[in-house]
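J.:
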Amino acid sequence: MRSLGIIGGGQLGMFICQAAKSLGIKTSIFSENQEFSAKKFCDQYFIGKFNDNEVLENFINSADYFTIETENIPHDILDKIASVKQIFPDPQIVKICQNRLKEKRFLNSLENIRTAVYFEINSFKDLEKKISLINNNGILKTSELGYDGKGQYKIVNGKIDDLKDLNLKNFILEKILDFEKEISVIVCRKNKKVEAYPVVENIHKNSILRETIYPANLSKEVSNKALKMAIQIADELDLHGILAVEMFLMKDKSIIVNELAPRPHNSGHWTLDYCEVSQFQNLINTIFLNSPKSPSPHASCKMINVIGDEFLSKEKLKKKFKFYDYFKKEIKSSRKMGHYTFKI
89 MRSLGIIGGG QLGMFICQAA KSLGIKTSIF SENQEFSAKK FCDQYFIGKF NDNEVLENFI
149 NSADYFTIET ENIPHDILDK IASVKQIFPD PQIVKICQNR LKEKRFLNSL ENIRTAVYFE
209 INSFKDLEKK ISLINNNGIL KTSELGYDGK GQYKIVNGKI DDLKDLNLKN FILEKILDFE
269 KEISVIVCRK NKKVEAYPVV ENIHKNSILR ETIYPANLSK EVSNKALKMA IQIADELDLH
329 GILAVEMFLM KDKSIIVNEL APRPHNSGHW TLDYCEVSQF QNLINTIFLN SPKSPSPHAS
389 CKMINVIGDE FLSKEKLKKK FKFYDYFKKE IKSSRKMGHY TFKI
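Here the working numbering is used: the first residue of the sequence shown is 89, the next is one more, and so on.
1) Could you name the residues that DSSP lists as bridge partners for G226?
2) In chain order, what residues of the same chain have a beta carbon less than 8 Å from the beta carbon of E232, not counting five sequence neighbours either side?
3) Answer with buried or exposed for S116, where buried requires no fewer than 16 other C-beta atoms within 10 angstroms of its C-beta.
4) Taking three-plus beta-carbon pairs below 8 Å as touching, is the stretch 205-213 in contact with the stretch 241-260?
5) Which stretch, first to last residue, makes up the beta strand (DSSP E) that contains C389?
6) Taking only runs that begin and end inside the stretch 273-325, name each unbroken alpha helix (DSSP H) of 4 or more residues, in chain order.
7) From N200, I94, H163 and H292, pick the residue whose C-alpha is nearest to that of I184; which is it?
8) With N370 and E309 assumed to form a contact (beta carbons below 8 Å), what rounded beta-carbon distance in angstroms separates them?
9) With a threshold of 16 other CB atoms inside 10 Å of the CB of L221, please say whether the residue is buried or exposed.
10) For a test of the three-state rule: what should DSSP assign to E101, helix, strand or coil?
11) Going by alpha carbons, who is nearest to T230 out of N223, K417, K217 and F207?
12) When the Cβ atoms of the stretch 307-321 are set against those of the stretch 352-368, are three or more pairs found closer than 8 Å?
13) First and last residue of the alpha helix (DSSP H) that includes Y433?
14) Nearest CA to the CA of R277: which residue from R351, F399, G97 and V394?
15) Please determine, among H328, K238 and S125, the residue with the shortest C-alpha to C-alpha distance to L297.
16) Restricting to Cα atoms, I'd like to know which of N200, Y153 and F134 is closest to V345.
17) So, helix, strand or coil for K157, using DSSP?
18) Over the uninterrupted alpha helix (DSSP H) stretch that includes F376, give me the two end residues.
19) My assumption, with CB atoms under 8 Å, is that E270 sits in contact with I392. Please give the rounded CB distance.
20) Distance check for E145 and F118, CA to CA, integer angstroms please.
21) From V365 to S388, what distance separates their C-alpha atoms?
22) If we require 3 or more residues per run, which beta strand (DSSP E) segments fall completely within the stretch 135-192?
23) Spell out a yes or no on whether the stretch 412-427 and the stretch 337-344 are touching, meaning 3 or more CB-CB pairs, one atom from each, closer than 8 Å.
24) Under 8 Å, with one C-beta from each stretch per pair, do the stretch 321-335 and the stretch 175-184 reach the 3-pair mark?
25) Report the three-state DSSP secondary structure of E216 (helix, strand or coil).
26) Taking all protein chains shown into account, decide if G226 is buried (16 or more other Cβ within 10 angstroms of its Cβ) or exposed.
27) Taking the CB atoms as reference points, tell me whether A322 and E262 lie closer together than 8 Å.
28) Might you give, ordered along the chain, the residues of its own chain that have their beta carbon closer than 7 Å to the beta carbon of F399, omitting 5 neighbours on each side?
29) Near D249, which residues of its chain fall below 7 Å by C-beta distance, leaving aside the five closest residues on each side in sequence?
30) Beta strand (DSSP E) containing E347: first to last residue?
31) What are the start and end residues of the beta strand (DSSP E) that includes K424?
32) Determine the direct distance from the alpha carbon of N121 to that of I395, and round the result to whole angstroms.
33) With 16 other CB atoms within 10 Å as the buried threshold, where does I372 fall?
34) Closer than 6 Å by C-beta to M195: which residues in its own chain qualify, once you throw out the five before and the five after it? Chain order, please.
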């Protein structure tokens, strides 16, 4: 039986396991946590720190191919796996996407691709100097790690005194953008064959994705431009796998790229119910087949994340919507506990 190793066992890993199983593929998970969403869906699992060589060796021996459900994986772990087995995507892509400075430099090196104005910050003096160049308003972020708003500090009217005690090494300062809406595109690619999911609109609350709407309410021209940009980025990376491209639609209808995720993405969960081929199935296709398949969406819809205490209403949600439980043991205020979808 063909087999797939997945680094990380959260809800993305859970959905990858389910997609793999539907296609007759055995799965193994490498998790740093004792309890994880994918635990009851994988065929086997390995628990330990990513730098635990014995656990890593056993994990490597457990599967034919490998993929990730998080980009926050040490470089040497990815390189070690890639030295003996094929991993999707290539570790060099993950290394770009897991560091905001590298990612910004890469994106701005591409023709017709723009990001927000940004500066590298390595000291409080850097911050004092650079914040004045963007009208004293910006977002200070750690270059690595941090998601759903973690590791981010909003600066308004140049008020930075509260940040003096931070060890400002390897940070990035970005200009705050006055955008119209947030959108994203998911691209699957292998052997120069590309399939892109339609553009969706994303609504965030407290820096956490709240809902995704398909289709995004855009002109055909803007939609085609977003798709073209996402495919261009995937081509430039020579992607073999899946890539989510988050973007800002500006008020003048220009598009600015925010960030990349070289894995399945929260904004693609609607594809589980309203596409012939979900983002997770197409990740499997890019690994085990010669090319991805057409997504073939078949209904307008919304995906809503269930965050924190909202999970306590899951029985009501189950009765009204297509509900997905992430099987997390502890409810936390900003934790994604599940999601649900419905036609619109």
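Don't be surprised by glycine CBs; every beta carbon is placed ideally from N, CA and C.
T.: Taking the structure as given:
1) Indexing the sequence shown from 1 puts residue 226 at position 138. For G226, the pairing in a beta bridge is given by DSSP as I243 and K263.
2) The residue given as residue 232 occupies position 144 in the sequence shown. Result list for E232: N160, Q186, N187, R188 and N258, in chain order.
3) Position 28 of the sequence shown, counted from the first residue, corresponds to residue 116. By the neighbour-count rule (16 or more Cβ atoms within 10 Å), S116 is buried.
4) Yes, since at least three Cβ pairs between the stretch 205-213 and the stretch 241-260 fall closer than 8 Å, the two stretches touch.
5) Locating residue 389 in the sequence shown gives position 301, where the first residue counts as 1. Boundaries of the beta strand (DSSP E) harbouring C389: C389 to I395, taken from the DSSP string.
6) The stretch 273-325 contains, as complete alpha helix (DSSP H) runs of 4+ residues, the segments 308-324 (chain order).
7) Residue numbering aside, residue 184 sits at position 96 when the sequence shown is read from its first letter. Comparing Cα-Cα distances from I184 to each of N200, I94, H163 and H292, the minimum goes to H163.
8) Counting from one through the sequence shown, the residue named residue 370 turns up at place 282. Counting from one through the sequence shown, the residue named residue 309 turns up at place 221. Taking C-beta atoms under 8 Å as the contact rule, N370 and E309 fail to qualify, at a distance of about 26 Å.
9) Working through the sequence shown from its first residue, we reach residue 221 at position 133. That one is exposed.
10) Within the sequence shown, the letter at position 13 stands for residue 101. Residue identity differs from the one stated: residue 101 is Gly in this sequence, not Glu. If DSSP states are grouped into helix, strand and coil, G101 belongs with the helices.
11) Residue 230 sits at position 142 when you count from the first residue of the sequence shown. Checking every option, the nearest Cα to that of T230 belongs to F207.
12) Too few Cβ pairs lie closer than 8 Å, so no.
13) Here the chain has residues from 89 to 432 only, and residue 433 is not among them.
14) Taking the first residue of the sequence shown as 1, we reach residue 277 at position 189. Minimum Cα distance to R277 is reached at R351.
15) For the purposes of this step, residue 297 is taken as the residue at position 209 of the sequence shown. Checking every option, the nearest Cα to that of L297 belongs to K238.
16) As a working mapping, residue 345 is identified with position 257 in the sequence shown. Ranked by how close their Cα comes to the Cα of V345, the residues N200, Y153 and F134 have N200 in first place.
17) As a first step, residue 157 is located in the sequence shown; it is residue number 69 there, counting from the start. The displayed chain sequence assigns Glu, not Lys, to residue 157. In the structure shown, E157 falls within a coil segment according to DSSP collapsed to helix, strand and coil.
18) Numbered from 1 along the sequence shown, position 288 holds the residue referred to as residue 376. Q367 to F376 is the span of the alpha helix (DSSP H), which, as asked, contains F376.
19) Translated into positions along the sequence shown, residue 270 becomes position 182. Translated into positions along the sequence shown, residue 392 becomes position 304. Actually they do not touch by this definition, with Cβ atoms about 16 Å apart.
20) On the sequence shown, residue 118 is found 30 positions in, with the first residue counted as 1. On the sequence shown, residue 145 is found 57 positions in, with the first residue counted as 1. F118 and E145 have their alpha carbons spaced roughly 11 Å apart.
21) Start at 1 with the first residue of the sequence shown, and residue 365 comes out as number 277. Start at 1 with the first residue of the sequence shown, and residue 388 comes out as number 300. Rounded to the nearest angstrom, the two C-alpha atoms are 15 Å apart.
22) Complete beta strand (DSSP E) runs here, min 3: 153-156 and 174-176.
23) By the C-beta criterion, the stretch 412-427 is judged not to be in contact with the stretch 337-344, since fewer than 3 inter-stretch pairs fall below 8 Å.
24) By the C-beta criterion, the stretch 321-335 is judged to be in contact with the stretch 175-184, since at least 3 inter-stretch pairs fall below 8 Å.
25) The residue labelled residue 216 in the question sits at position 128 within the sequence shown. Residue state for E216 is assigned as helix, using DSSP reduced to three classes.
26) Taking the sequence shown and counting its residues from 1, the one referred to as residue 226 is at position 138. A residue is called buried once 16 or more other Cβ atoms fall within 10 Å of its Cβ, and G226 is buried on that count.
27) What you label residue 322 is simply residue 234 of the sequence shown in a count that begins at 1. What you label residue 262 is simply residue 174 of the sequence shown in a count that begins at 1. When the beta-carbon positions are compared, A322 and E262 stay at least 8 Å from each other.
28) Start at 1 with the first residue of the sequence shown, and residue 399 comes out as number 311. Here F399 has I419, M425 and G426 as same chain residues with Cβ atoms under 7 Å from its own Cβ, once five neighbours each way along the sequence are excluded.
29) Here residue 249 is taken as the residue at index 161 of the sequence shown, counted from 1. For D249, where only same-chain residues beyond five positions count, there are no Cβ hits under 7 Å.
30) Position 259 of the sequence shown, counted from the first residue, corresponds to residue 347. Looking at the DSSP string, the run of the beta strand (DSSP E) that includes E347 is I343 to A349.
31) Within the sequence shown, the letter at position 336 stands for residue 424. Counting along the chain, the beta strand (DSSP E) containing K424 begins and ends at K424 to K431.
32) As a position in the sequence shown, residue 395 is number 307, starting the count at 1. As a position in the sequence shown, residue 121 is number 33, starting the count at 1. Looking at the two C-alpha atoms, the distance is approximately 20 Å.
33) The sequence position of residue 372 within the sequence shown is 284, counting from 1. Buried: at least 16 other Cβ atoms inside 10 Å.
34) One-based indexing of the sequence shown puts residue 195 at position 107. The identity of residue 195 in the sequence shown is Leu, whereas the question assumes Met. Here the set comprises I201, T203 and V345.
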